[in-house]
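Sequences listed follow chains A and B, in order.
Just so it is clear: in the first sequence, position 299 is 299 by the working numbering, and no numbers are missing.
Just so it is clear: in the second sequence, position 265 is 265 by the working numbering, and no numbers are missing.
What follows is a single structure, written as structure tokens, with notes after it.
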Amino acid sequence: MTALLPWFALLLPLLSALFIIIATRPLRTLSAFISVTAVVGSFVCASLIFFQKTSNAAAFSWIDLGPTFSIPLGVTLDPLSRSMLFMVTGVGALIHIYSLGYMGTDEGKSRYFAGLSLFMFSMLGIVLANNFVMMFIFWELVGVSSYLLIGHWFERPSAAEAAKKAFITNRLGDFGFMLGILMVWAATGSFVFSEIAGGMAKFTGHPAYLTAAALLVFCGAVGKSAQFPLHVWLPDAMEGPTPVSALIHAATMVAAGVYMLVRVGFLIDASLGALQVIAWIGTITAVLAALMATQQNDIKRILAYSTLSQLGYMVMAVGLASGQAAMFHLFTHAAFKALLFLGSGSIIYMLHHEQDIWRMGGLAKRLPITFLTFLIGTLALIGFPGFSGFFSKDAILVVAHEKSLPIFALAAFTALLTAFYMTRLMVVAFFGSPRSDAAAQGSEAPAVMTIPLILLAIPAAIGGFGFFARNFLALPHEAKSIVLVPAIAFGGLLVGVITAIVLYRTRKTEPLDIALFRNRFYIDELYAALIAATQGLLAALSAFVDRWILDGAIVRGLSSGTWGSGFLLRLLQVGNLQAYGFLFGLGIIGLIYFTVFH
Amino acid sequence: MLLFIVFAPLIAALLILIGAPSRLTALLAAGATTLATLVAFFLYAPAQGGFQFVSSFPISETWQIQFLLGADGLSLVMLFLAALVLFCAVWFTPAIEKSERMFYACLLFVAGGAIGAFASLDLFFFYAFHELALIPTFLLIGIWGSGNRAAAAWKVTIYLGLGSFVLLLGLILLYRSVPADSRTFDLRALQTIAANGGIAASAQNQIFLLLLIGFGVLISLFPFHTWAPEAYASAPAPAAMLHAGVLKKFGLYGLLRIALPLLPQGAQHWNTFLIVLLSGNIIYVGLATIAQKRLDWMLGYSSVMHMGYIFLGIASANVIGLNGAALLMFAHGISIALLFALAGEIRRRTGTLVFQDLGGLGKVMPFAGFAFGAATFASIGLPGFANFAAEVMVFFGAFRVGAGWEGFHIFQVATVLALWGVVISAVYMLRAYRAIFMGAPKPESFQGWGKLPDLSASLRLPVILLLAATLLVGCFPNTFLRFLRPTFTASMAATNR
């Protein structure tokens, strides 16, 4: 029974998705109810697994070609996956419930909840997978559920484009991921994590191969966790409904890349070269995204860039060979970023889909619960001492300080920027006077939406304390406690907060105008130009060659020759069966003739 | 068992020609054939392996020709594919204005010919059945096609005619490569001879090239592929379903059944050549697919591109790659048939398949949007669909050949290109889906927007059948691999590889 528990947790959401697609699509309320029930069921299974510390589970065979090749479907249950399971289903359940309110009157509610259920299934699959191929399977399924949910309002051209962009960008990362899996398999003869970990000795003497394989596997995380240079899809993904942004594009799916890296830490940590690249990719993402966030006006986009930046921290920690610090930040971030997104969702919902912070203002009085919980989320995100983010960010900063001063400096600078842009958001949206009718008339969201906010605010506030967090995670051990690191971080925080307050306290429009940041360093434009110049041009060229040279000159030239048009065209115009029968007979006769008489 | 499967469609076609109600007869025959192939799966004993349900009728003792039927796992999978796609193609056939009887008879002949070829153990009938299927294909395009149908039809005629001719030459040489006293058309006997080294290496090299080119033309191997997109664009939807889904697999089946086990050294000799050509299928044709501006052309090109993956599995010539190739033949057959069927339905409603004129159809045709979306993701290899399971095996099979620590050799490079092709497929398929079903409707394109009917309840059945088949195999690949495995294990053992 316990051996099947993880499979129940995994399959309940799948059943819900299938049932909604097949049976209850027209019954929108029932569909929503089924989906919520399924995720709560998964949460119950996950809690049982978590508290009973279950570690054995049934396994199945997916592809079986005998002893040479077989792909199993199995489950890893260790402290890492158990806590991840607990977190994903917990946050997932809250966001499902919140969606009951947010998507209450949406026409495509059934489709939405089917998508959410499909997502839960796929995400839990990633968490539980015990081998590379199984992880890749669910990796792709997560990608498609993200595609479906970003494109939920598919009539909007922007949403349709964003969904496509997200999927293709992820595929780009998965190109590398699959290649990495192939390389690891070719070297060790296995996809199963525990077997590869046991066979790492095979790599000794081939450091270049190992580094290449590790970095290719990392490519998958670059796509899924939206790291530079494949970060461009995540901000656009905000076209999806806000609960989706909270669940998929903040708390869980984008963290899957980090989770995967920690899961295969035995591979990554074995290559110093790979670690260095990973650490720097994370650092670059953290800084660039934070700079971009300072100049955004859409509340969800600010949070999206912030997510990028925080994911950068986690990847940085992975690159500094501290998977524990990465997971710690992943957990606290899941709580406070889901909280912030849901908070922005209740603002957007109550302001009739207004997302521009410059058209808000004074919301603190009109949406008090949202404001208070959002404030807690902000304090956690900027790492205010005592709040969850303070501890997890500090853990990463300590590691950075220990291993690489340039990375530490950039990480501390990012912390300053984080404090700056979040304070800007708070000041502009919640204080001052309303700058639009919608903002002036907004009121607090219904309980089905505020209760998840309150429940998420608890771990966001206290989740970082050791006595709390240690129950869920193996926390990084600090060799010696350094006062310097938190002091620098707090100093940066104060500078960021104070600058932002001074700058934005009484403004009605943006006082700074940094086009480079606002336009995301023109990276999207650069990519568009690059794609047009390479893929677009090559595609047009191949199509041209195919149509006018391979086909046009050779085939048409051949067939418009006398024998072609004269004989065969006439056959067709006659359209008669005899002619074909004749050809057919000719072939058979030829066959007999050659075989028998020669 | 096999006699029924082979002759049910052919007899039905004849009955229709002499006056039986065309649609009903065709549906009954196709449905019965499909069920019969399912029963055959249950009756086949995979543990025993080899060709079962063998029945033979001597035609000529002296020439060693006999009508010899038999099936192993590979044949069974192909027979099921052919029967299922035939059933769905018949079901999807709309009202035909001119000579309806002929149309249905042609469909049945195409499928019947393919089925006959898949069930034949005699080279002579293997070839003859394929010829039988080709002719109605030309007719279907030439008479009931759309667009530039005459040109398309005779281009196909020339191309496939030439391909068949080269193939014929290869088969004749193959027949004559064996010592005179043991010449036979019996595949089983030929396999025994080949396993004992009865075919000289130099002969193998020659013959394999002929077979590769001959089959290659039929499969649309680069650079002999230019007939395919235009033919599929012009063909009526049921004909495109049958040809792209089933008949094109004849060539691949031939490579797996004849060329590889009988001519292993020839295959080895031309491996590099094949890798270069199949990379052309994947990358060059893939890029050309991106540039297409109409759905029917794009699907035609995409179908050419995906042949590259099957070729890659065949070229790898190991158990993983070959099983993957066979599974991919099935998976691609299902997904491309569904895509052509849906494209046909879209064309019937909107009158156009030009991306620029379409948009927002998902709002008015939600079921079509769902079905096309599922088929899209199937064709780009999303896990859960059979295409993914098959492609993964092809990748693993190909990457393993000659893999080493020092760097990538030709098979690794080809695998990298194939993986890149997966990105390319995502680009063009999602672009098409975005253009047709997502975004805002374009009412200015033609009249009657917003009142387009969704797929009728009856048309949903074949869609669901096809999706169920690919999902079942995709989630539980062992259902088919159980049958396929003995085929390739045996052929590998026979050729000592």
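Glycine residues also receive a C-beta, built at the ideal position from the N, C-alpha and C atoms.
Keep in mind that this is a model prediction, so the values were computed, not measured.
* To do: Check whether the Cβ of glutamine 227 (chain A) lies closer than 8 angstroms to any Cβ atom in chain B.
  => Counting from one through the first sequence, the residue named residue 227 (chain A) turns up at place 227. Taking CB atoms only, glutamine 227 (chain A) has no neighbour in chain B less than 8 angstroms away.
* To do: Would you please verify whether the beta carbon of serine 61 (chain A) is less than 8 angstroms from any beta carbon of chain B?
  => Within the first sequence, numbered from 1, the residue matching residue 61 (chain A) stands at position 61. Chain B, which has a Cβ nearer than 8 angstroms to the Cβ of serine 61 (chain A), makes this yes.
* Asked: From which residue to which residue does the beta strand (DSSP E) around phenylalanine 86 (chain A) run?
  -> Locating residue 86 (chain A) in the first sequence gives position 86, where the first residue counts as 1. Per DSSP, phenylalanine 86 (chain A) lies in no beta strand (DSSP E); the unbroken alpha helix (DSSP H) holding it starts and ends at 79-102.
* To do: For arginine 183 (chain B), I'd like the list of residues in its chain whose CB is within less than 8 angstroms of its CB, leaving aside the five on either flank, ordered along the chain.
  => Along the second sequence, one-based indexing puts residue 183 (chain B) at 183. The beta carbon of arginine 183 (chain B) lies closer than 8 angstroms to those of Gln64, Tyr175, Arg176 in the same chain, with the five residues before and after it left out.
* **CA-to-CA distance, alanine 371 (chain B) to alanine 166 (chain A), given in whole angstroms** => Locating residue 166 (chain A) in the first sequence gives position 166, where the first residue counts as 1. Locating residue 371 (chain B) in the second sequence gives position 371, where the first residue counts as 1. Near 21 angstroms, if we compare the C-alpha coordinates of alanine 371 (chain B) and alanine 166 (chain A).
* Should methionine 241 (chain B) be flagged as near chain A, meaning a C-beta pair shorter than 8 angstroms? -> The sequence position of residue 241 (chain B) within the second sequence is 241, counting from 1. Output row for methionine 241 (chain B): interface = no.
* Asked: Rounded to the nearest angstrom, how far is the Cβ of alanine 32 (chain B) from that of alanine 8 (chain B), given a contact under 8 angstroms?
  -> Translated into the one-based positions of the second sequence, residue 32 (chain B) becomes position 32. Translated into the one-based positions of the second sequence, residue 8 (chain B) becomes position 8. Right, the Cβ-Cβ distance comes to about 6 angstroms (below 8 angstroms), so this counts as a contact.
* By a C-beta neighbour count over all protein chains shown, 10 Å radius and 16 as the cutoff for buried, is serine 61 (chain A) buried or exposed? -> Within the first sequence, residue 61 (chain A) is the residue found at index 61, counting from 1. When all chains shown are included, serine 61 (chain A) counts as exposed.
* Grouping DSSP H, G and I as helix and E and B as strand, with all else coil, what is glycine 377 (chain A)? -> Position 377 of the first sequence, counting from 1, holds the residue named residue 377 (chain A). Taken through DSSP and simplified to helix, strand or coil, glycine 377 (chain A) comes out as helix.
* Starting from the Cα of alanine 160 (chain A), find the closest Cα among A:Tyr147, A:Arg171, A:Leu172 and give me that residue. => For the purposes of this step, residue 160 (chain A) is taken as the residue at position 160 of the first sequence. Checking every option, the nearest Cα to that of alanine 160 (chain A) belongs to A:Tyr147.
* Who are the neighbours of leucine 430 (chain B) on chain A, taking C-beta pairs under 7 angstroms? -> Here the question's residue 430 (chain B) lines up with position 430 in the second sequence. Taking the beta carbon of leucine 430 (chain B) as reference, the chain A residues within 7 angstroms of it are Lys164, Phe167, Ile168, listed in sequence order.
* Select from B:Thr489, B:Ile346, B:Gln66 the residue whose C-alpha is nearest the C-alpha of leucine 459 (chain B). => On the second sequence, position 459 is the one that residue 459 (chain B) refers to. Looking from the CA of leucine 459 (chain B), the closest CA among B:Thr489, B:Ile346, B:Gln66 belongs to B:Ile346.
* Span of the alpha helix (DSSP H) around aspartate 174 (chain A) -> Numbered from 1 along the first sequence, position 174 holds the residue referred to as residue 174 (chain A). For aspartate 174 (chain A), the enclosing alpha helix (DSSP H) has its first and last residue at 157-188.
* Going by C-alpha distance, which of A:Ile498, A:Met292, A:Ile357, A:Trp548 is nearest isoleucine 523 (chain A)? -> Position 523 of the first sequence holds residue 523 (chain A). Selected option, being the one with the closest Cα: A:Met292.
* Please report the residue range of the alpha helix (DSSP H) in which valine 54 (chain B) lies. => Stepping through the second sequence from its first residue, residue 54 (chain B) is reached at position 54. No alpha helix (DSSP H) holds valine 54 (chain B); the beta strand (DSSP E) holding it covers 52-60.
* To do: Go through the region 428-497 of chain A residue by residue and report every complete run of the alpha helix (DSSP H) that reaches 4 residues or more, in order.
  => Runs found: 437-441, 447-462, 466-469.
* To do: Check glutamine 573 (chain A) in the structure and name its three-state DSSP category.
  => What you label residue 573 (chain A) is simply residue 573 of the first sequence in a count that begins at 1. With a pLDDT of only 43 at glutamine 573 (chain A), under the threshold of 50, the placement of this residue in the model should not be trusted; the figure read from the coordinates follows. Glutamine 573 (chain A): helix per DSSP, three-state reduction.
* Asked: In whole angstroms, what separates the C-alpha of glutamate 230 (chain B) from that of methionine 305 (chain B)?
  -> Position 230 of the second sequence holds residue 230 (chain B). Position 305 of the second sequence holds residue 305 (chain B). When rounded, the distance between both Cα atoms is 14 angstroms.
* Going by Cα to Cα distance, which pick from B:Asp122, B:Gly163, B:Ser99 is closest to leucine 139 (chain B)? -> As a working mapping, residue 139 (chain B) is identified with position 139 in the second sequence. Per the Cα distances, B:Ser99.
* Would you mind listing the alpha helix (DSSP H) stretches within the region 214-247 of chain B that are 4+ residues and don't spill past its ends, in chain order? => Counting only runs of 4 or more, we get 227-234, 237-242.
* leucine 303 (chain A) and glycine 223 (chain A) look like a contact to me (Cβ under 8 angstroms); what is the Cβ gap, rounded to whole Å? -> Position 303 of the first sequence, counted from the first residue, corresponds to residue 303 (chain A). Position 223 of the first sequence, counted from the first residue, corresponds to residue 223 (chain A). Taking C-beta atoms under 8 angstroms as the contact rule, leucine 303 (chain A) and glycine 223 (chain A) fail to qualify, at a distance of about 20 angstroms.
* If we cut at 8 angstroms on Cβ distances, does threonine 188 (chain A) have a partner in chain B? -> Sequence index remark: in the first sequence, residue 188 (chain A) carries index 188 (1-based). So no, threonine 188 (chain A) is outside the interface.
* To do: Starting from aspartate 64 (chain A), follow the beta strand (DSSP E) in both directions and report where the run begins and ends.
  => Along the first sequence, read from residue 1 onward, the residue named residue 64 (chain A) stands at position 64. Bounds of the beta strand (DSSP E) holding aspartate 64 (chain A) are 60-64.
* Can you give me the start and stop residues for the beta strand (DSSP E) that alanine 251 (chain A) sits inside? => Looking up residue 251 (chain A) in the first sequence gives position 251. Per DSSP, alanine 251 (chain A) belongs to no beta strand (DSSP E) and is neither H nor E.
* Asked: In the structure shown, what three-state DSSP assignment does proline 67 (chain A) receive?
  -> Position 67 of the first sequence, counting from 1, holds the residue named residue 67 (chain A). Strand, per DSSP.
* Could I get the ranges of all uninterrupted beta strand (DSSP E) runs contained in the region 17-45 of chain A, with 3 residues as the minimum, in chain order? => List check, beta strand (DSSP E) in window: nothing returned.
* To do: Check whether the Cβ atoms of valine 178 (chain B) and isoleucine 207 (chain B) lie closer than 8 angstroms to each other.
  => To locate residue 178 (chain B), count along the second sequence from 1; it is residue 178. To locate residue 207 (chain B), count along the second sequence from 1; it is residue 207. No, Cβ-Cβ distance for valine 178 (chain B) and isoleucine 207 (chain B) is not below 8 angstroms.
* Within chain B, the residues that leucine 267 (chain A) reaches when beta carbons sit closer than 8 angstroms -> Position 267 of the first sequence, counted from the first residue, corresponds to residue 267 (chain A). By Cβ distance, chain B contributes nothing, its closest Cβ being about 16 angstroms from leucine 267 (chain A), past 8 angstroms.
* Among A:Val40, A:His96, A:Gln52, A:Ile22, which residue has its Cα nearest to the Cα of valine 448 (chain A)? -> Counted from its first residue, the first sequence places residue 448 (chain A) at position 448. Proximity to valine 448 (chain A) across A:Val40, A:His96, A:Gln52, A:Ile22 peaks at A:His96, based on C-alpha coordinates.
* Between alanine 214 (chain A) and serine 271 (chain A), what straight-line distance do the alpha-carbon atoms span, to the nearest angstrom? -> Looking up residue 214 (chain A) in the first sequence gives position 214. Looking up residue 271 (chain A) in the first sequence gives position 271. If I take the Cα positions, the gap works out to 7 angstroms.
* Step through the CB atoms of chain B and report whether any lies within less than 8 angstroms of the CB of glycine 566 (chain A). => Residue numbering aside, residue 566 (chain A) sits at position 566 when the first sequence is read from its first letter. Below a pLDDT of 50, predicted positions are generally treated as unreliable, and glycine 566 (chain A), at 45, falls in that range; no measurement from the model is reported.
* Can you list the residues of chain A that valine 416 (chain B) reaches, using a CB-CB cut of under 7 angstroms? -> Numbered from its first residue, the second sequence carries residue 416 (chain B) at position 416. The answer, in chain order, is Leu179.
* To do: For glycine 116 (chain B), collect the residues of the same chain with a Cβ closer than 6 angstroms to its Cβ; drop the 5 residues on either side in sequence, then sort them by chain order.
  => The residue you call residue 116 (chain B) lines up with position 116 of the second sequence. Counting only Cβ-Cβ distances below 6 angstroms, and skipping sequence neighbours, we find Val6, Phe129.
* Below-8 angstroms beta-carbon distance, tryptophan 185 (chain A) vs any chain B residue -> In the first sequence, residue 185 (chain A) corresponds to position 185, counting from 1. At least one chain B Cβ lies under 8 angstroms of tryptophan 185 (chain A).
* Asked: What does a CB cutoff of less than 6 angstroms around alanine 380 (chain A) pick up in its chain, not counting 5 residues either side in sequence?
  -> Counted from its first residue, the first sequence places residue 380 (chain A) at position 380. Answer for alanine 380 (chain A): Phe336, Phe387, Ser388, Gly389, Ala460, listed in chain order.
* **isoleucine 20 (chain A) and alanine 114 (chain A) closer than 8 angstroms at C-beta** => What you label residue 20 (chain A) is simply residue 20 of the first sequence in a count that begins at 1. What you label residue 114 (chain A) is simply residue 114 of the first sequence in a count that begins at 1. Yes, the pair counts as a contact, with Cβ atoms nearer than the cut-off.
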